[in-house]
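S.K.: Quick one: this structure, given as structure tokens, is what I'll be asking you about.
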Amino acid sequence: MILIDGKKTAADIRAELGAEVAAARAEGHRAPGLAVILVGEDPASQVYVRNKERACAEAGIVSFPHHLPATTSQQDLLRLIAECNANPAVDGILLQLPLPKGLDAQECLLAIDPEKDVDGFHPVSVGRLSLGLPGFVSCTPAGVMELLRRYDLPTSGKKAVVVGRSNIVGKPLAMLLARSGRFGDATVTVCHSRTPDLAEQCRQADFLFLAMGRPRCITGDMVRQGAVVIDVGINRTPEGLCGDADFASVSPKAHAITPVPGGVGPMTIAMLLSNTVQSWRQHRA
Ligand code: NDP
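Structure (structure tokens):
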């Protein structure tokens with residue numbers, strides 16, 4: 008059984024990006040820049056933002072922190088996004104969600120210049136992904152695909168089952184798996200809360216992707232022998248963090264599996280950095 012080490016893979020990616028940035032800086036290029044907008048005092052968001060800013064620093068990316076009070080108006084937030092759009096030192100704009108009540112996240116996401124949409128949430132980015140055009144891919148599904156590439160687990164010709172259809176994980180992941188290429192070309196089934204026999208669907212999967220947010224919901228009897236199981240779920244339980252897979256019963260059947268924590272989680276931030284560096288390559292001049 009292969010235990011997919013997302014923590015190490017993410018560290019490798021940060022080091023590779025850092026080396027690329029350092030080499031370009033030695034040639035006189037400016038550093039990549041990421042604007043990080045956090046509104047309000049949500050404790051989980053504060054932790055995520057701190058981790059993102061720390062990871063940026065490690066890869067030589069300059070972060071421009073904008074930590075605003077929960078009382079910030081929609082108009083002020085839109086003005087800040089416009090400033091970041093216009094700032095040539097900013098390659099990417101991260102708007103940490105959820106926003107406090109009263110602010111319209113959709114309007115704010117739409118206001119982000121698609122050229123700087125490193126989270127890949129803008130409809131232009133989503134449309135590009137669905138058309139198979141180059142563009143920013145939402146970080147968690149991008150991180151999943153990067154793990155498959157780095158562990159050489161090609162999906163071409165395989166049956167993939169994605170459990171979850173959210174805009175940030177399930178849906179874009181299904182699109183990536185259905186694209187052409189060695190790490191694509193899968194026959195993809197998307198399951199959700201109205202899927203009648205989830206266990207039977209899961210048992211069909213050569214590649215099982217779990218993004219439900221239901222602690223240890225998928226058990227060994229629901230998994231085909233030799234399947235690759237990528238567990239995106241992060242669930243807080245009294246015993247600590249766990250995934251959507253019941254690791255104890257699923258891992259003996261899996262050919263490869265991601266642990267929680269230490270699997271997909273660290274990859275999300277690594278792909279945010281990667282998207283920022285991708286934008287910088289195009290804009291640094
Ligand atoms: P959402 O709550 O937006 O979506 C969950 C999806 O799972 C929905 O499509 C829902 O179906 C489906 N679902 C829920 N329960 C069941 C069930 N019993 N059977 C079948 N389908 C079900 O969650 P997200 O996509 O935002 O996140 C999913 C998980 O991934 C969470 O645990 C989250 O914490 C984690 N996550 C991890 C990240 C990382 O960095 N590793 C990043 C983002 C999320 P329906 O649409 O019908 O409601």
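All letters in the sequence shown, in the order written, are residues 8 to 292 by our numbering. Built from N, CA and C at the ideal position, the CB exists for glycine as well. Computed from a predicted model, the values in this text were never measured in an experiment.
1) Here's the rule: buried if 16 or more other CB atoms are within 10 angstroms of the residue's CB, otherwise exposed. What is H74?
2) How is R210 classed by DSSP in three states: helix, strand or coil?
3) Kindly indicate which three-state DSSP category I276 falls into: helix, strand or coil?
4) For L58, I'd like the list of residues in its chain whose CB is within less than 8 Å of its CB, leaving aside the five on either flank, ordered along the chain.
5) Pull the bridge partners of R243 from the DSSP assignment, please.
6) Give the secondary structure of A149 by DSSP, where H, G and I count as helix, E and B as strand, and everything else as coil.
7) Compare the Cα-Cα distances from D98 to each of G171, R21, L87, D124 and report the closest residue.
8) Counting Cβ pairs, one atom from each stretch, are 3 or more of them under 8 Å apart for the region 88-96 and the region 259-267?
9) What does DSSP give as the partner residue(s) for P72 in the beta ladder?
10) Where in the region 48-123 do unbroken runs of the beta strand (DSSP E), each at least 3 residues long, occur, reported from the N-terminal end onward?
11) At which residues does the alpha helix (DSSP H) containing I20 begin and terminate?
12) With V257 as the anchor, note down where its alpha helix (DSSP H) starts and where it stops.
M.R.: Here's the rundown:
1) exposed
2) helix
3) helix
4) The displayed chain sequence assigns Asn, not Leu, to residue 58. If we look at N58 and ignore the five residues flanking it on each side, its Cβ neighbours are I276.
5) L248
6) helix
7) D124
8) no
9) V43
10) 69-75, 99-102
11) 13-33
12) 254-257
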